[in-house]
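In what follows, a structure is listed as structure tokens, so that the remarks can point back to it.
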Amino acid sequence: MDDPAANGMMMADNRPSPRLIWIKMHSSAIAIYVILGLIEFVVINRALRDWMGKGGLMPFLLATAATYVPLIGGVIALVAAITVLEWPWWLSAVLFVGGSIALALTGSFAVLLGGGSLF
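Structure, rendered in structure tokens:
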């Protein structure tokens with residue numbers, strides 16, 4: 010059986026190593042990024058279908074392109090959630106702005122602990 014301290018996952022005093030903490034935070038950041046991206050995509054796609062007055066491929070492609078760029082996708086999703094879905098402004102701000110800030114902080118801590126890039 011492998012010794013956890015030998016592979017860098019645990020410290021000698023049985024505490025998690027910075028490498029293990031980085032791996033866990035990295036996984037959390039990726040999960041947050043994917044979930045926020047899917048929510049942004051759905052909100053933007055719904056808003057584009059409403060604003061353009063039609064469904065189909067064009068709103069889907071535009072929503073995909075907008076969601077791909079984090080800052081633009083977050084702003085468009087914020088406006089779309091408030092205007093089309095009639096969400097309260099604070100809920101939209103917490104989800105799209107707060108979620109992006111949380112992702113940035115999680116990624117920053119992971120990079121500081123692990124010394125590598127987030128993605």
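Using our numbering, the first residue of the sequence shown is number 10, and each one after it goes up by one. Just so you know, even glycine gets a beta-carbon here, dropped at the ideal spot from N, CA and C.
Can you give me the C-alpha to C-alpha distance between residue i and residue j, rounded to a whole angstrom?
| i | j | result |
| --- | --- | --- |
| Trp96 | Lys63 | 22 Å |
| Ile85 | Val52 | 9 Å |
| Arg55 | Trp98 | 17 Å |
| Ala89 | Val106 | 13 Å |
| Ala14 | Leu114 | With a pLDDT of 48 at Ala14, under the threshold of 50, the predicted position of this residue should be treated as unreliable, though the coordinate-derived value follows. Going from the Cα of Ala14 to the Cα of Leu114 covers about 28 Å. |
Taking DSSP as the reference, what is the three-state secondary structure of residue i?
| i | result |
| --- | --- |
| Trp98 | helix |
| Gly62 | coil |
| Val93 | coil |
| Val78 | coil |
Apply the 10 Å Cβ neighbour rule to residue i and answer buried if 16 or more other Cβ atoms are within range, or exposed otherwise.
| i | result |
| --- | --- |
| Ser101 | buried |
| Ala40 | exposed |
Just tell me which of the options has its CA closest to the CA of residue i.
| i | options | result |
| --- | --- | --- |
| Phe50 | Ala75, Leu94 and Tyr42 | Ala75 |
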